[in-house]
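Working notes, beginning with the structure itself.
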Amino acid sequence: MQLREGRSLLLLTETCKSLRHAYQIHAQIVVNGLQRHLYSLSKIFSFFALFGCPESLGHARLIFSGTKSPNVFMWNTMIRAHSLSELHHEAVLLYPAMVAKARDLPNNFTFTFLLNSCARLAAPGPGFQIYGHVIKLGFEPDIFIRNALMHFCCSSGLADCARKLFEESSARDLVSYNTMISGMAQMCKPHAALSLFQEMSDSGIWPDEFTFVALCSACSGLNDHGLAKQIHNLVYRYLGFVDCSSGAHLVGSVIDLYTKCGEMDMARKVFSAFQPVKSLPALSSMVSGYARAGKVELARQIFDRVNKRDTILWTAIISGYSQAGRYDEALELYKEMEKSGLKPDQVTLVAVLSACAGLGALTVGERINNQSLRARFFGRDAILVTAVVDMYAKCGKIESALEIFRDVPDSQRTTHLFNAMITGLAQHGLGETAVSVFREMESTKVRPDEVTFTGLLCACSHSGLVEEGRSLFKLMSEFYGINPQMQHYCCMVDLLGRDGKLDDAHDFIRTMPFEANSVIWRSLLGSCKLHGNVEMGKIASAKLLELEPDHGARYVLLSNILATTKQWEEAGRVRKGMEQRGIQKPPGWSYIEISNGTVHQFTASNYRSHPQKEEIASKLRDMNSRLRTAGYAPSTVDVVFDVDEEEKETIVSHHSEKLALAFGLLNSGPGEVLQIMKNLRICGDCHLAFKLLSKAYAREIIVRDTARFHHFRNGLCSCKDFW
DNA sequence: ATAGGGTTAG
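So the mapping is simple: our numbering equals the position in the first sequence, first residue as 1, plus 385.
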């Protein structure tokens, strides 16, 4: 076809329908030497630029760089195209080039597109520069640009700046309100969002779908089911019947709002009635909502029925299992996800790492950490770093946790990260280090919270830092204004009791602003045991029985105490009462991970079905003979103050950690450190046995129980026999 | 101009 002049060219470019067609038209323009018809050229150029695939954008770039002096429309299209392809940095960099070369000045479209990209950049710097140009060139009154400026401010956390722009606007339209409400949602200011909504309806502006999507997301963190219902009602009042066709996003947002405040019945209702074709966001909301409500099975049912899953849905179910403490199943699901070919992102890795931390699965955890390093997620995500530090600490590698923590720059250290580090150090009995990390926290002006002090006080009590603990307890309320909670008192009672200040500890309990719970009495009892104070032990155990009548250990405890004071009849009655109520101690289990990364679980006295049962039995015999050689005798004092959570059988009892140890000794090389996780506190017998065995086998053994880590080495334990 | 999944303690 012969193209002779601009008019026929224009007609042709305007009928362009497919990418192939566009290539043909462009070829004809080039063949006929018609590039000088800039208006037509820019039309076909914008088709390529906005088509939305990397290849067509590449072609658009070619056309653009071959054009001698592009007009503003072409520059704007370039910026817009990069912005739509999430290439915000490139979009912003086009602006200086444009100012230097363009024959026309930037217009309002230029700034709207640019500010949109600035809003999505991590740093506010470029946006500020553009802001300056907007003022210089007199575009500030333009409502589109004002809205774009507000959007930029909100996305960069500049709430006051956004608020000022909004207040000083002579005209505020629907988009102004929507932008502000959605900005308040992003900045977690739900009350500001609500009052903006109120203001909006007072000024007669009718809200739309966008308004409610923003309002739902702003209020989803409030955990207020009454408010959720009110917002749902408002949607009806203003928009009438909303279903998937008229507002797919909005339905999803309402569902999410309900799931976040635990209203799963309402969420389910909206989900089944108004979303005939289930959207992935709504599915993810439902899955994590059920999981958060402790209904993992229901979450799983929904998950299983989805054919096309994405990373977010997988993450929802994995973290659901992890939060429910079903760590092994969480890891299984993660394996399945990998098999399906989907790539995890930061959030997925956080969920998996927390499962590893729960299991003490170091090998898997390290693999996940390497993955996050390879994907360059690490260091850019504060939560991910926290999860990694926590994983290392809970897997026994406290030095690795510290190393990683040290590499995080001050600006990226959050309260959560400090808490994970301090808590980890506390569990390893490294009280002095925990306190010095806290001093760092104070000097970097990261605000401690109640979790920080729980960790700190716990660290002090595990390391016997009595005076330090007392002064931190004061600091918490007097300087930081944090009211001590039950766990803080609990740490203090532990701390004082351990130091032999039993009367002080008892006074502490009496002067508490609330009734002491069983944990506190149990802690006092532990101190009574350590310091041999039978009288106070009786008081504590009586309180325990009163508070936890269904807890088997308390019956045993009381009956033992009564027995020592020769109150045989009473002791028998307590025992009988316990049997009649069918109370048992909870089953104990232990995990051990061997070096091939597999995790093995053992329950007390149960290994008969294990494939290595013969070897385990013989190793147990070997362990017992070595124990006898080392002069092991079961502790009789212990029985009086039986604070153990697990039922004892014989001296040769096979508590789960002993089975795990036998298995570990069988399946590891000499000198390899063995690490065992236990679901209850380790008992006195096992503790003594492990100390002796660490020497007898010349092995370092690490046991993580519910309270802390025990590092057994050369006949001694890092807990110095207090736990 | 729109939605969904995450970390610390007890």
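Cβ coordinates follow ideal geometry from the N, Cα and C atoms, glycine included.
Under the three-state reduction of DSSP output, N417 falls in the coil class, being neither helix nor strand. Rounded to the nearest whole angstrom, the C-alpha separation of C1071 and L1078 is 10 angstroms. By the neighbour-count criterion, in which 16 or more other beta carbons inside 10 Å mark a residue as buried, C601 falls on the buried side. A contact between stretches requires three or more CB pairs, one per stretch, nearer than 8 angstroms, and the stretch 486-493 fails this requirement with the stretch 742-754.
Non-local beta-carbon contacts of G632 in its own chain, meaning distances under 6 angstroms to residues more than five positions away in sequence, involve E594 in chain order. Using a Cβ distance threshold of 8 angstroms, H610 and C646 count as a contacting pair. Note: Y992 is not bridge-paired with any residue in the DSSP secondary-structure output. Straight across, the Cα-Cα distance linking A740 with L404 is about 47 angstroms. Under the three-state reduction of DSSP output, S1103 falls in the coil class, being neither helix nor strand. When beta bridges are read from the DSSP output, F1094 appears opposite R1089.
Scanning its chain for C-beta atoms nearer than 7 angstroms, with the 5 sequence neighbours on each side dropped, one finds around L1101 the residues K1076, in chain order. Here DSSP, grouped into helix, strand and coil, assigns E978 to strand. DSSP places I1061 in no alpha helix (DSSP H) but in the uninterrupted beta strand (DSSP E) bounded by L1059 to K1063.
Remark: C-beta atoms of L668 and I687 approach each other more closely than 8 angstroms. Taking C-beta atoms as the reference points, V655 and V639 count as a pair closer than 8 angstroms. Closest by C-alpha distance to G1016, out of L1073, F551 and F858, is L1073. A buried status is given to S425, since no fewer than 16 other beta-carbon atoms sit within 10 Å of its beta-carbon. For the 8 angstroms CB-CB criterion, G1049 and L1059 form a contact.
Contact check for I528 against F498 fails: the beta carbons are separated by 8 angstroms or more. Taken in chain order, the unbroken stretches of alpha helix (DSSP H) that lie wholly in the stretch 507-587 and span 4 residues or more are 510-521, 528-540, 544-552, 559-571 and 575-587. Nearest to L624 by alpha-carbon distance, out of Y865, P592 and D641, is P592. In the displayed model, H422 falls within coil according to three-state DSSP, outside both helix and strand.
Here the stretch 836-851 lies against the stretch 860-876, with 3 or more beta-carbon pairs under 8 angstroms apart. Contact holds between the stretch 766-780 and the stretch 726-734, because three or more Cβ pairs, one in each stretch, are under 8 angstroms apart. Within the same chain, Cβ atoms closer than 7 angstroms to the Cβ of M572 are found at C539, G542 and A544, the five residues on either side in sequence being excluded. Between the alpha carbons of V636 and A556 lies a distance of about 30 angstroms. Taking the Cα positions, R761 is about 10 angstroms away from N755. Straight-line measurement puts the Cα of S975 at about 27 angstroms from the Cα of R883. A Cβ-Cβ distance of about 7 angstroms is found for the pair L1051 and I1001, placing them in contact under the 8 angstroms criterion. DSSP, read as helix, strand or coil, puts H1040 in coil. DSSP, reduced to helix, strand and coil, places Q660 outside both helices and strands of the structure shown, so it counts as coil.
Assignment of beta-bridge partners to Q986 by DSSP yields Y976. Counting of Cβ neighbours within 10 angstroms places Q812 among the buried residues, the total reaching 16 or more. Taken in chain order, the complete beta strand (DSSP E) segments of 3 or more residues contained in the stretch 480-510 number zero; there are none. In the DSSP annotation of this structure, C780 is not part of any alpha helix (DSSP H), being labelled neither H nor E.
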